[in-house]
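> As numbered in our numbering, residues 2 to 218 make up the sequence shown, in order.
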Amino acid sequence: MKTTLIAAALAVSLASGAAWAGQPPYAASAKDFPVSHQDRVYSADQYSNTVSVIDPASNKLLGAIRLGESQPGNLSPLYGGQVLVHGMGFSPDRRTIAVVSIGSNSVSFIDTATNEVKHVTYLGRSPHEAFFTPDGKEVWVTVRGENYVLVLDGKTFKEKARIATAFGPGMQIFSPDGKYGYVCDSFNPVTYVIDAHTHKIIHEVKQASAFCPDIAA
Numbered sequence: 002m003k004t005t006l007i008a009a010a011l012a013v014s015l016a017s018g019a020a021w022a023g024q025p026p027y028a029a030s031a032k033d034f035p036v037s038h039q040d041r042v043y044s045a046d047q048y049s050n051t052v053s054v055i056d057p058a059s060n061k062l063l064g065a066i067r068l069g070e071s072q073p074g075n076l077s078p079l080y081g082g083q084v085l086v087h088g089m090g091f092s093p094d095r096r097t098i099a100v101v102s103i104g105s106n107s108v109s110f111i112d113t114a115t116n117e118v119k120h121v122t123y124l125g126r127s128p129h130e131a132f133f134t135p136d137g138k139e140v141w142v143t144v145r146g147e148n149y150v151l152v153l154d155g156k157t158f159k160e161k162a163r164i165a166t167a168f169g170p171g172m173q174i175f176s177p178d179g180k181y182g183y184v185c186d187s188f189n190p191v192t193y194v195i196d197a198h199t200h201k202i203i204h205e206v207k208q209a210s211a212f213c214p215d216i217a218a
């Protein structure tokens, strides 16, 4: 079984070895490797506003990390939890998971050793994905309800920079060497190639469709 990132589900191996943030760490042609009871699969559950923790060796649900309440509890004006828990990305050292909540405009950072939320960063409208750069120094968040990619410091989780785009940046991924970030738009037929060091857009690739459902590098 390969460690895989599919939709809003994410597998984290506690074993040593390289892994690229925001994408499967191995090629599709790579040989399978066994999973153990030390490995974990995390699944963002948008309607219950929880993150499920699964043992992939036994396929058993170990528990849920509650980031908020399900409806109608989260409709109260006094509600302070997260809403529409959605996209996830893991740090290269596998110690932190970044979890986007679309409805409450936030990224929650979970410690994988304790399953506790160690920080919450609030940002612009309707963020979509949050991925660590391959070196773990930054977290890029596509803010799909606005027109920029927010760059956070990988340790403090505070805003570091903004990369201006057209309205609706959605899916993103990094090149394996960490030199480039690729961000496709959800409303305009364009994919941006971004210099990960300077945070400058260096090229725009035309898409066949205005909506980009997925991206791979």
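Just so it is clear, CB atoms sit at the ideal spot from N, CA and C, and this is done for glycine as well.
Model, not experiment: these values are computed from the prediction.
Among residues of its own chain, excluding the 5 on either side of Ala-209, which ones have a beta-carbon nearer than 8 Å to its beta-carbon?
Pro-190
> Provide the residue span of the beta strand (DSSP E) that contains Ser-127, from first to last.
Element bounds for Ser-127: n/a, residue is neither H nor E.
> Using DSSP bridges, identify the partner residues of Gly-182.
Phe-175 and Ile-195
> Pull up the DSSP beta-bridge partners for Val-84, would you.
The partner list for Val-84 (beta bridge, DSSP) is empty, contrary to what the question assumes.
> CA-CA distance, Thr-143 and Thr-166?
10 Å
> The beta strand (DSSP E) spanning Thr-122 covers which residue range?
117-123
> Alpha carbon to alpha carbon, what distance is there between Val-86 and His-48?
Just to set this straight, residue 48 is Tyr in the shown sequence, not His. Answer to the nearest angstrom: the Cα atoms are 7 Å apart.
> For Val-36, report the span of its beta strand (DSSP E) as first-last.
No beta strand (DSSP E) contains Val-36, which DSSP labels as neither H nor E.
> Taking the C-alpha atoms as reference points, what is the distance between Glu-117 and Val-52?
11 Å
> With a cut-off of 8 Å, do at least 3 Cβ pairs link the stretch 69-80 to the stretch 88-97?
no
> On the DSSP bridge list, what partners appear for His-200?
Paired residue(s): none; His-200 is not in a bridge.
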